[in-house]
Amino acid sequence: MPFAIVQGTAVMVLPKDLYIPPDALEVFLAETFEGPLDLLLYLIRRQNLDILDLPIAEITRQYMEYVEVMMDLQLELAAEYLVMAAMLAEIKSRMLLPQPKRFDEEEGDPRAELVRRLQEYERYKQAAEDINTLPRVGRDVFPTDVARPDLKVVRLPPRVELDDMLTAFREVLQRAAMYEHHHIQTEPLSVRERMSIVLSTIKRDQFTDFSDLFNIEEGRSGVVVTLLALLELLKQSLIELIQTDAYGPIHVKVADTAEHGTAE
Amino acid sequence: MNTQELKHIIEAVLFAAESPLSMNQLTGLFQADNAPEPSTIKQALTMIQEDCADRSIELKEVGSGYRFQVKQDYAQWVAKLWEERPARYSRATLETLALIAYRQPITRGEIEDVRGVSVSSQIIKSLIERDWIKVVGHRDVPGKPALYATTREFLDYFNLKSLDELPSLAELRDIDAINAELELVMPEDRQPADVEADDQTGIAGEDSFATDSPELTATEEIDEPLSAEN
Amino acid sequence: MNTQELKHIIEAVLFAAESPLSMNQLTGLFQADNAPEPSTIKQALTMIQEDCADRSIELKEVGSGYRFQVKQDYAQWVAKLWEERPARYSRATLETLALIAYRQPITRGEIEDVRGVSVSSQIIKSLIERDWIKVVGHRDVPGKPALYATTREFLDYFNLKSLDELPSLAELRDIDAINAELELVMPEDRQPADVEADDQTGIAGEDSFATDSPELTATEEIDEPLSAEN
Numbered sequence: 003m004p005f006a007i008v009q010g011t012a013v014m015v016l017p018k019d020l021y022i023p024p025d026a027l028e029v030f031l032a033e034t035f036e037g038p039l040d041l042l043l044y045l046i047r048r049q050n051l052d053i054l055d056l057p058i059a060e061i062t063r064q065y066m067e068y069v070e071v072m073m074d075l076q077l078e079l080a081a082e083y084l085v086m087a088a089m090l091a092e093i094k095s096r097m098l099l100p101q102p103k104r105f106d107e108e109e110g111d112p113r114a115e116l117v118r119r120l121q122e123y124e125r126y127k128q129a130a131e132d133i134n135t136l137p138r139v140g141r142d143v144f145p146t147d148v149a150r151p152d153l154k155v156v157r158l159p160p161r162v163e164l165d166d167m168l169t170a171f172r173e174v175l176q177r178a179a180m181y182e183h184h185h186i187q188t189e190p191l192s193v194r195e196r197m198s199i200v201l202s203t204i205k206r207d208q209f210t211d212f213s214d215l216f217n218i219e220e221g222r223s224g225v226v227v228t229l230l231a232l233l234e235l236l237k238q239s240l241i242e243l244i245q246t247d248a249y250g251p252i253h254v255k256v257a258d259t260a261e262h263g264t265a266e
Numbered sequence: 534m535n536t537q538e539l540k541h542i543i544e545a546v547l548f549a550a551e552s553p554l555s556m557n558q559l560t561g562l563f564q565a566d567n568a569p570e571p572s573t574i575k576q577a578l579t580m581i582q583e584d585c586a587d588r589s590i591e592l593k594e595v596g597s598g599y600r601f602q603v604k605q606d607y608a609q610w611v612a613k614l615w616e617e618r619p620a621r622y623s624r625a626t627l628e629t630l631a632l633i634a635y636r637q638p639i640t641r642g643e644i645e646d647v648r649g650v651s652v653s654s655q656i657i658k659s660l661i662e663r664d665w666i667k668v669v670g671h672r673d674v675p676g677k678p679a680l681y682a683t684t685r686e687f688l689d690y691f692n693l694k695s696l697d698e699l700p701s702l703a704e705l706r707d708i709d710a711i712n713a714e715l716e717l718v719m720p721e722d723r724q725p726a727d728v729e730a731d732d733q734t735g736i737a738g739e740d741s742f743a744t745d746s747p748e749l750t751a752t753e754e755i756d757e758p759l760s761a762e763n
Numbered sequence: 534m535n536t537q538e539l540k541h542i543i544e545a546v547l548f549a550a551e552s553p554l555s556m557n558q559l560t561g562l563f564q565a566d567n568a569p570e571p572s573t574i575k576q577a578l579t580m581i582q583e584d585c586a587d588r589s590i591e592l593k594e595v596g597s598g599y600r601f602q603v604k605q606d607y608a609q610w611v612a613k614l615w616e617e618r619p620a621r622y623s624r625a626t627l628e629t630l631a632l633i634a635y636r637q638p639i640t641r642g643e644i645e646d647v648r649g650v651s652v653s654s655q656i657i658k659s660l661i662e663r664d665w666i667k668v669v670g671h672r673d674v675p676g677k678p679a680l681y682a683t684t685r686e687f688l689d690y691f692n693l694k695s696l697d698e699l700p701s702l703a704e705l706r707d708i709d710a711i712n713a714e715l716e717l718v719m720p721e722d723r724q725p726a727d728v729e730a731d732d733q734t735g736i737a738g739e740d741s742f743a744t745d746s747p748e749l750t751a752t753e754e755i756d757e758p759l760s761a762e763n
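Chains as they are written, first to last, in the working numbering: chain A, 3 to 266; chain B, 534 to 763; chain C, 534 to 763.
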């Protein structure tokens, strides 16, 4: 059995020449302190003193007694306890000085700052106790734990906004502009699209009728787009146009040299 | 999809989820073009809540969303099954947590000012590891100390929907005001400095109350409280 | 204790338990001298089972005891909670997609020429898997590289009737010119870094339905694009 527990440290043996104030032992046995403010609050509450009307001399005397006991017990005393001791001594001396009326307004009650700090600490000390009594998961609150059915989890592809793609494209253009020989040509997109459609339509080992590639319903501009697409594909040697007789039907097929046609 | 079916889906998902589900997550279950209105989902949640009246569980809204939990009337029975005793927290830990909860965003130095003793790194570390607090910014003073705030997990753990639900702080009484009454001195005698300090504390406490989601606002506030105090 | 109360206790305990509970464990909840008969407990379990008929969960007896489980009918909805949505495509992927859209049919080498950096097979693969691009032929040069073009699904996704509806190169350049002018007028407003950051936030906002806190997704965004692709 430790003799006392002070600030979490077990005290097994009492120093022989130690004078212990009558109630000090009781205090040490009762609880540990979270610092000088906590100790002061204990002294105040134990004697039912009004925090706003602190008998500073008496409180200082009691405080010093406890601090001395702690030092005698050779506990590692936090520096904060000594700072508080000095502060108490200073307040005490200022309380003793006669206060000329005209200085009152400037200095006010010498205890004011200490009282403010004590109250401030006390409200959070109370708040800590309140939090400790809140319902808590695993103690008062038990979320349900229900088994899941068999799941097939899908991995979804990212979402993309058109603007994201356009922004990316603008940046490529800006970068590409730095290389002159990489000028990006500006065929209308409809031609580009039509090139892809034609390539997907025609077959490698089978001729497609040239006229089948045109859709009259698209009107003149549609026909022109298809023609431009065919010419561009021809230029890039991606297709072959074959006409066996003059004025005979024209056939289109994937250029011989190109291995493997469409992927579809 | 009719309301009954919607209710069943939401119930199923809430039961299967490992943590509370927010309205966003519930809405996100459905195809964007076919998602029920938030008000419809809210309605289904209310119906589920009503269904629980005669059962031993309830649907509770906490910080990060909705979850089913055993009603506290039955907690004692459930606790019998729990082998692990719930953790106890030291006063130092609880006081530090209280200061962060009520005064967020707050630095370690500011916590130490109120408590009158130093706060060990271990306490801060363990609170962060528990996901109860997090760093939301840095105060613009020498050393750039971290500003701490509580998380949604903190609210979840303590069964709270928002910081508003924390017990309210005790009122501060003003020594000069009391003295003024006792000594029948003119009320103007209140020290401007003291009044200001008290007011600020009051404001700080209430301000952090008012924000539902400290995470979101905290970053904006980083510079504000400082300049107000210094 | 009446049957109704017994039912509630058993329900509460089964809901909170992490694993199935055996009859022994259920009986063990009660004081030995006051424990209900196993038959009474069994009766309560049957009542709970019947209550579930019109709900999305069921009480199942499995090897080691009884447990609540979400009905299989709702598996597809529950699965959505675990769906992963990669944060976003990398810039490289978007640029590749844009070049295929604007310059189709185009080979990988040609894309690389314009971009000035190589295009990973993974990027092409992910776009093909998404059905946004396809091989429409092969260019007649050594190696016979595949020619890529966009698909109908690509148009559908971006809600376009045809590629014509994409802004023309000239229009895109105009936008650049307008931006450039804005920069001259208000250089501090349109820092290149800001523009990029804005874009990212925009994307992050839409993708991150699962995460509530913007801070979290923002940091993930920075690392994600790479891992999403690799």
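Glycine is no exception: its CB is placed at the ideal position from the N, C-alpha and C atoms. What you are looking at is a predicted structure, and each value in this text was computed from that prediction instead of being measured.
Where the alpha helix (DSSP H) containing residue i begins and where it ends
{"i": "A:Gly224", "result": "221-237"}
{"i": "C:Lys575", "result": "571-584"}
{"i": "A:Gln121", "result": "114-135"}
{"i": "C:Gly670", "result": "Careful: C:Gly670 lies outside any alpha helix (DSSP H), inside the beta strand (DSSP E) at 666-671."}
{"i": "B:Glu628", "result": "624-636"}
Rounded separation between residue i and residue j - CA only
{"i": "A:Glu115", "j": "B:Val668", "result": "30 Å"}
{"i": "A:Ala248", "j": "A:Ser213", "result": "16 Å"}
{"i": "B:Ser623", "j": "B:Asp697", "result": "24 Å"}
{"i": "C:Trp665", "j": "A:Gln176", "result": "25 Å"}
{"i": "A:Tyr68", "j": "B:Ile661", "result": "35 Å"}
{"i": "C:Phe742", "j": "B:Gln558", "result": "Any answer about C:Phe742 is weak, because its pLDDT of 36 lies below 50 and its placement is not dependable; what the coordinates show is given next. C-alpha separation (whole angstroms): 6 Å."}
{"i": "A:Gly221", "j": "A:Arg196", "result": "15 Å"}
{"i": "B:Gln564", "j": "A:Pro160", "result": "15 Å"}
{"i": "A:Arg119", "j": "A:Ile46", "result": "14 Å"}
{"i": "A:Glu131", "j": "B:Arg672", "result": "28 Å"}
{"i": "C:Gly598", "j": "A:Thr146", "result": "17 Å"}
{"i": "A:Val174", "j": "A:Ile241", "result": "29 Å"}
{"i": "C:Asp707", "j": "A:Val225", "result": "30 Å"}
Spatially closest choice to residue i from the options, by CA coordinates
{"i": "B:Met642", "options": "B:Lys613, B:Tyr681, B:Lys658", "result": "The question names Met, but residue 642 of chain B in the sequence shown is Gly. For B:Gly642, the nearest C-alpha among the options comes from B:Tyr681."}
{"i": "C:Ala608", "options": "B:Val546, B:Arg672, B:Ala703", "result": "B:Val546"}
{"i": "C:Leu562", "options": "B:Asp664, B:Gly649, B:Ala612", "result": "B:Ala612"}
{"i": "B:Pro678", "options": "B:Trp610, B:Glu645, B:Val650, B:Tyr690", "result": "B:Glu645"}
{"i": "B:Arg663", "options": "A:Asp132, A:Val139, A:Tyr126", "result": "A:Val139"}
{"i": "B:Ile590", "options": "B:Gln605, B:Val652, B:Ala577, B:Gln576", "result": "B:Gln605"}
{"i": "B:Tyr635", "options": "A:Ala87, A:Ile133, A:Arg119", "result": "A:Ile133"}
{"i": "B:Ile797", "options": "B:Ile574, B:Ala568, B:Gln564, B:Glu570", "result": "Only positions 534 to 763 of chain B appear in this structure, which leaves residue 797 of chain B out of reach."}
{"i": "B:Phe687", "options": "B:Ala703, B:Leu559, B:Gly596, B:Ser653", "result": "B:Gly596"}
{"i": "A:Ala81", "options": "A:Ser95, A:Leu99, A:Leu43, A:Gly37", "result": "A:Gly37"}
{"i": "C:Leu614", "options": "A:His253, A:Arg157, A:Leu240, A:Ala257", "result": "A:Arg157"}
Within chain C, partners of residue i - CB distance below 8 Å
{"i": "A:Thr146", "result": "Phe548, Ala549, Phe601"}
{"i": "A:Asp152", "result": "Gln605, Ala608"}
{"i": "A:Val71", "result": "In chain order: nothing, as chain C lies at least about 49 Å away."}
{"i": "A:Ala231", "result": "By Cβ distance, chain C contributes nothing, its closest Cβ being about 10 Å from A:Ala231, past 8 Å."}
{"i": "B:Glu544", "result": "Arg588, Ser589, Ile590"}
Where the beta strand (DSSP E) through residue i begins and ends
{"i": "A:Lys255", "result": "252-256"}
{"i": "A:Ile204", "result": "From DSSP, A:Ile204 is part of no beta strand (DSSP E); its letter is neither H nor E."}
{"i": "B:Gln602", "result": "598-603"}
{"i": "C:Glu591", "result": "590-595"}
{"i": "A:Glu242", "result": "241-245"}
Chain-ordered chain A contacts of residue i [CB-CB under 8 Å]
{"i": "B:Leu630", "result": "Ala130, Ile133"}
{"i": "B:Tyr690", "result": "Arg138, Val139"}
{"i": "B:Leu559", "result": "In chain order: nothing, as chain A lies at least about 17 Å away."}
{"i": "C:Pro700", "result": "Leu168"}
{"i": "B:Ala625", "result": "Glu36"}
Interface partners of residue i on chain C, CB under 9 Å
{"i": "A:Ala114", "result": "Result: empty, since nearest Cβ-Cβ is about 41 Å, beyond 9 Å."}
Within chain B, the residues that residue i reaches when beta carbons sit closer than 7 Å
{"i": "A:Glu82", "result": "Gly649, Val650"}
{"i": "A:Glu163", "result": "Those within 7 Å of A:Glu163 in chain B number zero; the least Cβ separation is about 13 Å."}
{"i": "C:Leu562", "result": "Trp610, Lys613"}
Under 8 Å by beta carbon: chain B residues contacting residue i
{"i": "C:Arg663", "result": "The premise fails here: C:Arg663 is roughly 18 Å from chain B at the closest Cβ pair, so nothing lies under 8 Å."}
The stretch 569-584 of chain C touching the stretch 627-640 of chain C, judged by at least three CB pairs closer than 8 Å: no
Given 8 Å, three or more beta-carbon pairs between the stretch 201-211 of chain A and the stretch 158-166 of chain A: no
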